[in-house]
Amino acid sequence: RAKQQGRSTYQWYSQEFNEEASYRVALRNDLQDAIDQEQLSVYYQPLVDARTGKTRNIEALVRWQHPTRGLISPGDFIPLAEDTGQIIALGEWVLRQACRDMVHLHSRGFRYCSVSVNVSPVQLRKEGFIHTVTDALKASGLRPESLELEVVESAVLLDTDLVINTLHAIRELGVHIAIDDFGTGFSSLSYIKLLPANKIKIDHSFIKDVIENRSDAAITQGVISMAHHLGLEVVAEGVETEAHATYLRKNQCDLLQGFAFARPMPFDDLLTFLNNQVSANTPQAGSNEEQE
Ligand code: C2E
Ligand code: MG
Ligand code: MG
Ligand code: MG
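See the structure below:
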């Protein structure tokens, strides 16, 4: 009986595996169409200042509206695009779109907002990435200080010198750098010293149970303290409740990002969100200095 069960489990796994494999092959072929035929779009999620509640930074998150499969999450297609090298074209497209949208946002009066774009380690290791960044800035007219690139710690594990040099060149342009998913990368703390970062983003896996889990609380408080001593700002990712936000404010976290404030949304919704935020903080009509 056990044997029988073993075999059916095996067959079940193997069928799963085949379905998974053919799904990946199909997606890979479709991804080129997605890049060529405008099936991709950029959603935006606000990061709010922990003290004032005001949006200071906006993360660009790519979305794929597949013609038959519907909305596909970046967690499913970014790794694939990294395997095939398609991440180069995709990443450049996102960067250019995000810069253009941010210039539009600034023209609507939200000049105090900067945009953060996720950059794959594959992009960072590609010769000429720095030109991709300067081209996107030049084409859009966005000030370098209004752009931030989000990089995972493990980006420096391969071709360390090349990546560190690229990051220094990016900083010299005036563009900011954030270390994304901090704490999940299995990388040594000595890399933190090497990375020319402005900001650390604590991964949501530490934030989820931070109120009741002693280890998560210790890690979160430790990272905040370390970052501040290094002169870096700290973001908490995945802030889902007001209780989390309160806890993080109390512990001197600088910026909060998560469903408690806003979900990633299309650009038009972001404009509405920011306008509502401004009018909520403006007691008298017409006294809003930040609007043009
Ligand atoms: P990430 O850069 O760490 O982005 C944060 C992810 O957390 C986003 O998932 C966001 O929707 C999600 N999130 C935000 N607030 C909450 C919350 O309160 N609770 C929970 N549970 N999740 C929250 P998303 O958009 O699915 O993106 C997943 C990952 O895909 C990103 O993680 C990033 O690593 C990658 N990605 C997204 N867009 C791009 C891109 O344009 N280029 C590259 N290279 N990677 C991207
Ligand atoms: Mg990110
Ligand atoms: Mg993250
Ligand atoms: Mg992540």
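Residue numbers (the UniProt record's numbering): 539 to 830.
All residues carry an ideal CB built from backbone N, CA and C; glycine is no exception.
Since the model is a prediction, treat every value here as computed from it, not as a measurement.
Item                                                                                                                                                               : Value
Can you tell me whether residue 778 sits near ligand 3, meaning its C-beta is under 7 Å from at least one heavy atom of the ligand?                                : no
Regarding residue 656 and ligand 2, is the C-beta to nearest heavy atom distance less than 7 Å?                                                                    : yes
Taking CB distances under 8 Å as the criterion, tell me whether residue 646 reaches chain D.                                                                       : Annotation note: the requested chain D is absent from the structure, which comprises a single protein chain.
Mapping the DSSP letters down to three states, classify residue 775 as helix, strand or coil.                                                                      : coil
Taking Cβ positions, are residue 802 and residue 581 nearer each other than 8 Å?                                                                                   : yes
Going by beta carbon distance, what residues of the same chain come within less than 7 Å of residue 541, once the five residues before and after it are set aside? : Confidence in residue 541 is poor, its pLDDT being 45 and thus under 50, which makes the residue's placement too unreliable to answer from.
Going by other Cβ atoms of all chains shown within 10 Å of its Cβ, with 16 needed for buried, is residue 575 buried or exposed?                                    : exposed
What residues are listed by DSSP as bridge partners for residue 583?                                                                                               : 597
Assign residue 563 to one of three DSSP states: helix, strand, or coil.                                                                                            : helix
Taking C-beta to C-beta, are residue 719 and residue 741 nearer than 8 Å?                                                                                          : yes
Could you say which of 644, 661 and 602 lies nearest to residue 627 if we only look at CA atoms?                                                                   : 661
Does the pairing of the stretch 607–615 with the stretch 582–594 give three or more beta-carbon distances under 8 Å?                                               : no
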